[in-house]
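In our numbering, the protein residues as written are 2 to 165.
Positions of the beta carbon are idealized from the N, C-alpha and C atoms, including for glycine.
Let me begin by presenting the structure, written as structure tokens, before commenting on it.
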């Protein structure tokens, strides 16, 4: 029997003062930043939760609590690396990742190729196994009013090579 595991993650952050947002490990210049304990990278936070969920592990809020000083301003790529280390210890590896970014602004299209490249490296996957796409809410709700941005992630995990 194949031991494939699927996980879904979601994250949202409100805008606040600043001059950029971090999304999928890419710094995007913008007239605002996000309110967050770490760097507020919604793409990576959703991805971490999807990976952890597929592995049956605690979510990022439990592993990296927002009231823990050591995670204040944390680089989400470092958090992703810690998640990947946990997966390796459990003999699990991602085989596909799909992320949907939801925001009216900033526009993400020009950054998607770089995001895919960053994620491909961080996940140890060929680029064709990492997808990133962006959409809007057609101006509906808080995201439509440009109060913040969000991301959904879906991943597929399998036992690492040599494991059944």
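Looking at the secondary structure, which residues open and close the beta strand (DSSP E) in which residue i lies?
i, result
"residue 97", "93-103"
"residue 23", "21-24"
"residue 10", "6-17"
"residue 150", "149-160"
"residue 135", "131-136"
"residue 33", "No beta strand (DSSP E) contains residue 33, which DSSP labels as neither H nor E."
Ignore the nearest five residues each way along the sequence and tell me which others in residue i's own chain have a CB closer than 8 Å to its CB.
i, result
"residue 110", "135"
"residue 153", "9, 10, 11, 47, 100, 101 and 103"
"residue 29", "21, 22, 23, 107, 109 and 112"
"residue 162", "94"
In terms of residues, what are the limits of the alpha helix (DSSP H) holding residue i?
i, result
"residue 123", "113-124"
"residue 75", "Careful: residue 75 lies outside any alpha helix (DSSP H) and carries neither H nor E."
"residue 41", "Residue 41 -> no alpha helix (DSSP H), and no H or E assigned at all."
"residue 143", "142-145"
"residue 62", "61-64"
So, at 7 Å on beta carbons, what are the nonlocal neighbours of residue i in its own chain, with the 5 sequence-adjacent residues on each side left out?
i, result
"residue 131", "98, 117, 120, 121 and 124"
"residue 127", "121"
"residue 37", "14"
"residue 164", "Legend: pLDDT at residue 164 = 48, less than 50; position of this residue unreliable, no value from coordinates given."
"residue 160", "4, 92 and 93"
Given a cut-off of 8 Å on the beta-carbon distance, is the pair residue i and residue j in contact?
i, j, result
"residue 102", "residue 35", "no"
"residue 13", "residue 149", "yes"
"residue 94", "residue 158", "yes"
"residue 7", "residue 133", "no"
What do you get for residue i, buried or exposed, if any count of 16 or more other CB atoms within 10 angstroms of its CB means buried?
i, result
"residue 3", "exposed"
"residue 114", "exposed"
"residue 51", "buried"
"residue 17", "exposed"
"residue 32", "exposed"
"residue 74", "exposed"
Measure the beta-carbon distance from residue i to residue j and round it to whole angstroms, keeping in mind my assumption that it falls under 8 Å.
i, j, result
"residue 56", "residue 91", "6 Å"
"residue 45", "residue 81", "5 Å"
"residue 143", "residue 43", "Not a contact, Cβ separation roughly 13 Å."
"residue 1", "residue 49", "Nothing in the structure corresponds to residue 1, since the chain is present only between 2 and 165."
Using a Cβ-Cβ cut-off of 6 Å (strictly less than) and excluding sequence neighbours within five positions of residue i, which residues of its own chain qualify?
i, result
"residue 147", "105 and 106"
"residue 19", "33 and 34"
"residue 67", "38"
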